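By my numbering, the letter at position 246 of the sequence shown is numbered 252, and the numbering carries on one by one without gaps. Note that the Cβ used here is the ideal one computed from N, Cα and C, for glycine as well. Note that the structure is a prediction, hence the values are computed from the model and not measured.
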Amino acid sequence: MSNTEPSPSSADGFISVCRAKGKRRGQKASERKVHSKSEPVGTEERASAEFVPVFRRIAEAECDLQESSFFTGAIEKILPVLKQGHIREIVCLGLGKLAECNISRYQLAFVRCLQRRLALEKVQYFDPVFTSREKEILRQLDGIVLEENLEGKYAAKQNTLFYLPHCPKQISNNLLWKNWNLDKLGRIYLICNSFEQIITNSPERFLQNNAHYILQIAKNTVEVPIENNFKYTDIFNDTSFHYFNTTLLQSKGSSFWEATEPNYTVEDLELITKTKSLHLTGNGLKNAAKIAD
Numbered sequence: 007m008s009n010t011e012p013s014p015s016s017a018d019g020f021i022s023v024c025r026a027k028g029k030r031r032g033q034k035a036s037e038r039k040v041h042s043k044s045e046p047v048g049t050e051e052r053a054s055a056e057f058v059p060v061f062r063r064i065a066e067a068e069c070d071l072q073e074s075s076f077f078t079g080a081i082e083k084i085l086p087v088l089k090q091g092h093i094r095e096i097v098c099l100g101l102g103k104l105a106e107c108n109i110s111r112y113q114l115a116f117v118r119c120l121q122r123r124l125a126l127e128k129v130q131y132f133d134p135v136f137t138s139r140e141k142e143i144l145r146q147l148d149g150i151v152l153e154e155n156l157e158g159k160y161a162a163k164q165n166t167l168f169y170l171p172h173c174p175k176q177i178s179n180n181l182l183w184k185n186w187n188l189d190k191l192g193r194i195y196l197i198c199n200s201f202e203q204i205i206t207n208s209p210e211r212f213l214q215n216n217a218h219y220i221l222q223i224a225k226n227t228v229e230v231p232i233e234n235n236f237k238y239t240d241i242f243n244d245t246s247f248h249y250f251n252t253t254l255l256q257s258k259g260s261s262f263w264e265a266t267e268p269n270y271t272v273e274d275l276e277l278i279t280k281t282k283s284l285h286l287t288g289n290g291l292k293n294a295a296k297i298a299d
């Protein structure tokens, strides 16, 4: 098998043309205006014409990303750990409005490039802000779109990478609670907002209610910061790769493993719950009042 990474189009039925963009480092993706001069991009017959511009922009983002020193550096840090951990699936939460938002498309590009490096067939996606159109785009990219809002409470049945780009701390906290035993914590790996930064930037009394399990696990976490040297500075900022030191966790007493389901106050809530529509991520929507197709 070749060690060369497949092109962004090879598994997905659309053709991309990778070109050196020459963008100025430090520019923000949210400030970028898209005026593509690349060649028209073909799709498989299953892809309707309305999706072609989105597919083109996703393909361009993948080309941009996989050719960058940012991605090379990130992969060098995290890929050996994920391969040693025998990752079997990727679950991506909080991707945002990928049809509209440049940040979301680059975050999608990251997880798809990583998926290819891990030789995994599918990625599972959920965000309550996805429209029907965005769900169909992900399906046409061979993704699995999850329909139920579990508020991050996913139990890891096998070794799983959870990719949570700029999700609220409560999503990570809920995920930890759902997997709060030695066996399950040994199965999960997270790319999300830095636990260290969350703890440093918030008072402990606030964290006890809103990030209790992050606070509990922090000293037993291996956190690998992902250097924010991509040309757009507002996509991967404050992002780290996390996994858990199960050797240290083996010495924890029964009180450590007591797990009460998190209950957040409305004032502090940052996620979209099953019953209330609030802002989940920074990817294209702000203070969304309703989730609608």
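- Annotated three-state conformation of HIS248 is strand, per DSSP.
- Remark: C-beta atoms of ALA115 and ILE64 approach each other more closely than 9 Å.
- The count of Cβ pairs closer than 8 Å, one atom from the region 180–194 and one from the region 155–166, reaches three, so the stretches are in contact.
- Here GLY192 has THR252 as same chain residues with Cβ atoms under 6 Å from its own Cβ, once five neighbours each way along the sequence are excluded.
- Of the residues assessed, SER246 falls on the buried side of the cut-off, its CB having 16 or more other CB atoms within 10 angstroms.
- Put simply, the backbone Cα of PHE132 is about 22 Å away from that of LEU88.
- When Cβ pairs closer than 8 Å are counted between the two stretches, the region 105–113 is seen not to touch the region 260–270, the count staying below three.
- ILE204 and GLN222 have their C-alpha atoms some 13 Å from each other.
- In this model, ASP240 and LEU104 are separated by some 15 Å (Cα to Cα).
- Note on ASP70: 16 or more other CB atoms within 10 angstroms of its CB, so buried under the neighbour-count rule.
- Cβ atoms of LEU152 and GLN121 stay farther apart than 8 Å, at about 16 Å.
- Ranking GLN176, ASN179, LYS237, ASN243 by CA distance to the CA of SER75 puts LYS237 first.
- Just measuring C-alpha positions, the residue of PHE77, ASN155, ASN165 sitting nearest LEU126 is ASN165.
- Membership of THR166 in the beta strand (DSSP E) is indicated by the continuous run 166–169.
- Shown here, PHE61 sits in a helix according to DSSP, grouped into three states.
- When the five nearest sequence neighbours on each side are left out, the beta carbons in the same chain lying within less than 7 Å of the beta carbon of VAL60 are those of ALA105, ILE143, in order along the chain.
- LEU170 sits close to ILE177, with the two beta carbons spaced by under 9 Å.
- Judged by beta-carbon spacing, CYS198 lies within the 9 Å limit of HIS248, meaning their Cβ atoms are closer than that value.
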